[in-house]
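Below is one structure, written out as structure tokens; comments come after it.
2 protein chains.
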Amino acid sequence: MDLTIAETAERTGLTAHTLRYYERDGLMLEVPRSSSGHRRYSEGELGWIELITRLRTTGMPIRDVRRYAQLVRAGEGNEAERLEILCRHRDAVRDRLEAEARHLAAIERKIAVYLGEADNCH
Amino acid sequence: MDLTIAETAERTGLTAHTLRYYERDGLMLEVPRSSSGHRRYSEGELGWIELITRLRTTGMPIRDVRRYAQLVRAGEGNEAERLEILCRHRDAVRDRLEAEARHLAAIERKIAVYLGEADNCH
DNA sequence: TCTTGACTTCGAGCCCACTCCAACCCCCAC
DNA sequence: GTGGGGGTTGGAGTGGGCTCGAAGTCAAGA
Chain A
1 MDLTIAETAE
11 RTGLTAHTLR
21 YYERDGLMLE
31 VPRSSSGHRR
41 YSEGELGWIE
51 LITRLRTTGM
61 PIRDVRRYAQ
71 LVRAGEGNEA
81 ERLEILCRHR
91 DAVRDRLEAE
101 ARHLAAIERK
111 IAVYLGEADN
121 CH
Chain B
1001 MDLTIAETAE
1011 RTGLTAHTLR
1021 YYERDGLMLE
1031 VPRSSSGHRR
1041 YSEGELGWIE
1051 LITRLRTTGM
1061 PIRDVRRYAQ
1071 LVRAGEGNEA
1081 ERLEILCRHR
1091 DAVRDRLEAE
1101 ARHLAAIERK
1111 IAVYLGEADN
1121 CH
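So the protein sequences, as listed, match chains A and B.
Each residue of the first sequence is one higher than the one before, starting from 1 at the first, in our numbering.
Each residue of the second sequence is one higher than the one before, starting from 1001 at the first, in our numbering.
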């Protein structure tokens, strides 16, 4: 593959700015470079970006993603700590989604009131 | 009732700072004052705070909450616009919760990989 | 009367996560 | 070999949403 940063931005939905920022901030594993120093992303990088984007999108703070990346970069032997980060996050996300679903239901009831107890909006 | 700001903070889970900030920023309806100028919250205020907290918790930006509050303060006649704000938000929340649920499932699969395909964490 | 403590306002500060320069480099087509 | 369109870096700027501090007011209890 060997994508440029622009192509990678396109494919991942992040901006080139954000991809550089993530790398600077320690969220990426090693990103290969071309002979002229340009970043070259391939399968491995795209997969990693997908993972950290999932973590970010579900609300994991940058610092926790960085810690996870540090552990992965450190290599084998710290799987327990990685797992703990993921499990903690999973639990937090589950709880939040549950709470938000309840808030959503309340908002839907509010909408129903505006509609004079009808069921649909528009 | 007539709660002080501290009691209201306690009951709503917001801080007194945040309650004042919301008021300053136009998110509140009229908040009654005691003779000495202290805020006095009762049923109506608590209900409103509960609503806007639901909107905020589900990701509605401050400016949209403010717009909604403006409409409510303006009185009857703009229910269609209020409804549109709520419906738009409801749709956005539904979409996001759905997307986050998919990300969560992917993270759970990742956890399962760490666990060697077992089902539970810890 | 004096202190204590909860309140008031205004404005500044903070944290997070980007987002955007400015200045420079490199390669390719014309 | 020149112009343009990529890329590079370090550092500064932005926007959202609080969060805090300073200085003052007020009411109740010792």
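All C-beta atoms, glycine included, are put in the ideal place defined by N, C-alpha and C.
Within-7 Å CB hit, residue i to chain A
| i | result |
| --- | --- |
| B/T1058 | yes |
| B/D1054 | Here residue 1054 of chain B is Arg; the residue named in the question, Asp, does not match the sequence. Closer than 7 Å to some Cβ of chain A, the Cβ of B/R1054 qualifies, so yes. |
| B/N1120 | Because the pLDDT at B/N1120 is just 47, under 50, the model does not fix this residue reliably, and the value given afterwards should be weighed accordingly. No - not a single Cβ of chain A is within 7 Å of the one on B/N1120. |
| B/I1111 | yes |
| B/T1018 | no |
Chain B within 7 Å of residue i, Cβ atoms only
| i | result |
| --- | --- |
| A/R90 | yes |
| A/I107 | yes |
| A/H93 | Residue identity differs from the one stated: residue 93 of chain A is Val in this sequence, not His. With 7 Å as the cut-off, A/V93 counts as an interface residue toward chain B. |
| A/I5 | no |
Residue i to residue j span [Cα, whole Å]
| i | j | result |
| --- | --- | --- |
| B/R1040 | B/T1058 | 27 Å |
| B/R1056 | B/A1112 | 33 Å |
| A/L3 | B/T1015 | 48 Å |
| A/E45 | A/V72 | 13 Å |
| A/V31 | B/T1008 | 51 Å |
| A/I52 | A/Y68 | 9 Å |
| B/G1077 | B/I1085 | 15 Å |
| B/G1075 | B/S1042 | 20 Å |
| B/C1087 | B/L1097 | 15 Å |
| B/K1110 | A/E108 | 34 Å |
| B/R1033 | B/A1006 | 14 Å |
| A/T18 | A/R66 | 14 Å |
| B/R1094 | A/E100 | 10 Å |
| A/A106 | B/R1020 | 25 Å |
| B/R1082 | B/S1036 | 35 Å |
| B/R1102 | A/E10 | 21 Å |
Contacts of residue i in chain B (Cβ-Cβ under 8 Å)
| i | result |
| --- | --- |
| A/A101 | L1097 |
| A/L104 | T1058, R1090, V1093, R1094 and L1097 |
Neighbourhood of residue i by C-beta distance below 6 Å, restricted to the same chain and skipping five residues each side
| i | result |
| --- | --- |
| A/G116 | none |
| B/Y1022 | M1028 |
| A/I49 | T12 |
Sequence-distant residues of the same chain with beta carbon closer than 8 Å to residue i, five excluded per side
| i | result |
| --- | --- |
| A/I62 | D25, L27 and R56 |
| A/A92 | G59 |
| B/D1064 | L1055, I1085 and H1089 |
| A/G47 | none |
Partner residues on chain A for residue i, Cβ-Cβ distance less than 8 Å
| i | result |
| --- | --- |
| B/Y1114 | E79, R82, L83 and L86 |
Residues near residue i in its chain [Cβ-Cβ closer than 7 Å; skip 5 each side]
| i | result |
| --- | --- |
| B/L1104 | none |
| B/H1038 | T1004 |
| A/M1 | S42 and E43 |
Discussion item. If we require 3 or more residues per run, which beta strand (DSSP E) segments fall completely within the segment 71-111 of chain A?
Written reply: Counting only runs of at least 3 residues, the segment 71-111 of chain A fully encloses no beta strand (DSSP E) element at all.
Worksheet item: Which ranges does the alpha helix (DSSP H) cover as unbroken runs of at least 4 residues, wholly within the segment 17-69 of chain A, from first to last along the chain?
Response: Taken in chain order, the complete alpha helix (DSSP H) segments of 4 or more residues contained in the segment 17-69 of chain A are 43-57.
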